[in-house]
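This report refers to the structure that appears directly beneath it.
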Amino acid sequence: GNFLAFSHTLEDKGFNAVVDIVLKGGFHATRACGRRWIERGSGGGVLSITTTYAEGGSPYVLPSAMAKAGLVAMTRSLAIEWGGHAIRLNAISPGPIPTKGAWERLIPGEGMEQTMRQSVPIGRFASKHELASLASYLLSDELSGAVNGQVIELDGGASLNGGASFTQLMALGDDALGEAFARMRPRGGEPGAE
Numbered sequence: 012g013n014f015l016a017f018s019h020t021l022e023d024k025g026f027n028a029v030v031d032i033v034l035k036g037g038f039h040a041t042r043a044c045g046r047r048w049i050e051r052g053s054g055g056g057v058l059s060i061t062t063t064y065a066e067g068g069s070p071y072v073l074p075s076a077m078a079k080a081g082l083v084a085m086t087r088s089l090a091i092e093w094g095g096h097a098i099r100l101n102a103i104s105p106g107p108i109p110t111k112g113a114w115e116r117l118i119p120g121e122g123m124e125q126t127m128r129q130s131v132p133i134g135r136f137a138s139k140h141e142l143a144s145l146a147s148y149l150l151s152d153e154l155s156g157a158v159n160g161q162v163i164e165l166d167g168g169a170s171l172n173g174g175a176s177f178t179q180l181m182a183l184g185d186d187a188l189g190e191a192f193a194r195m196r197p198r199g200g201e202p203g204a205e
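Using our numbering, you'd call the opening residue of the sequence shown number 12 and step up by one each time.
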């Protein structure tokens with residue numbers, strides 16, 4: 012789960028919803044698999060999907076940035092701890108990938124999409140196909156059996172070119188952003204309102 016909001020207006024409910032889904036959900040699923048694989052001695056692989064702003068930060072997505080940074084720490088920590096059990100943990104940190112759901116919730120207008128695209132050195136966003144191909148590679152023991160504890164950025168070089176995914180939104184100003192955030196709200200009000 013993710014939504015855009017001014018961090019100073021976040022309600023506990025919205026913050027906890029993202030942390031519970033992303034961080035706690037990722038931990039519980041990973042721990043359950045790890046327990047089973049260690050008991051069986053079968054080995055295994057965990058692939059987490061994080062985001063480029065998990066390590067570099069970004070405005071307006073504080074709960075997501077914090078939760079995904081926790082997944083990065085979990086990936087690296089358990090890669091060391093469980094490596095001797097033939098369990099590999101890696102993560103993919105994609106930048107923006109155009110999907111209808113994400114674009115409607117997270118990108119306020121076509122002009123902002125173009126601005127974000129211009130910050131990508133290769134001139135385009137990664138595709139769902141590229142994400143799936145990288146995931147297949149990282150989960151294949153035959154192709155990537157020695158890859159462990161890595162967080163691979165899939166963002167066309169954008170993180171090397173100044174940045175966080177939503178930094179460009181700051182140019183809109185607080186009033187315009189507030190209006191854009193309001194248009195993105197689900198029916199029923201403020202994301203995370205108590």
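Cβ atoms here follow ideal geometry from the backbone N, Cα and C, with glycine treated the same way.
Paired residues, beta bridge with residue i - DSSP
| i | result |
| --- | --- |
| residue 7 | Nothing can be reported for residue 7: it is not among the residues displayed for the chain, which extend from 12 to 205. |
Under the three-state DSSP convention, the category residue i falls into
| i | result |
| --- | --- |
| residue 45 | helix |
| residue 99 | strand |
| residue 33 | helix |
| residue 15 | coil |
| residue 59 | strand |
| residue 150 | helix |
| residue 180 | helix |
| residue 54 | coil |
| residue 133 | coil |
| residue 75 | helix |
| residue 110 | coil |
| residue 27 | helix |
Nonlocal neighbours in the same chain, by C-beta distance under 8 Å from residue i, ignoring five residues either side
| i | result |
| --- | --- |
| residue 89 | 41, 45, 57, 98 and 100 |
| residue 128 | 134, 135 and 136 |
Beta-carbon proximity list for residue i, same chain, < 7 Å, skipping 5 on both sides
| i | result |
| --- | --- |
| residue 34 | 78, 81 and 82 |
| residue 161 | 101 |
| residue 54 | 48, 96, 97 and 98 |
| residue 164 | 63, 104 and 170 |
Spatial neighbours of residue i in its chain, beta-carbon cut-off 6 Å, leaving aside the 5 residues before and after
| i | result |
| --- | --- |
| residue 60 | 103 |
| residue 87 | 160 |
| residue 154 | 148 |
Contact between the segment 62-78 and the segment 16-23: three or more CB pairs below 8 Å? Three or more Cβ pairs closer than 8 Å define a contact, and the segment 62-78 meets that threshold against the segment 16-23.
Between the segment 23-32 and the segment 75-95, can you find at least three pairs of beta-carbon atoms closer than 8 Å? When C-beta atoms of the segment 75-95 are compared with those of the segment 23-32, three or more pairs fall below 8 Å, so the two segments count as touching.
Would the segment 136-144 and the segment 91-102 be scored as touching if the rule is three or more Cβ pairs under 8 Å? Of all C-beta pairs linking the segment 136-144 to the segment 91-102, fewer than three are shorter than 8 Å, placing the two stretches out of contact.
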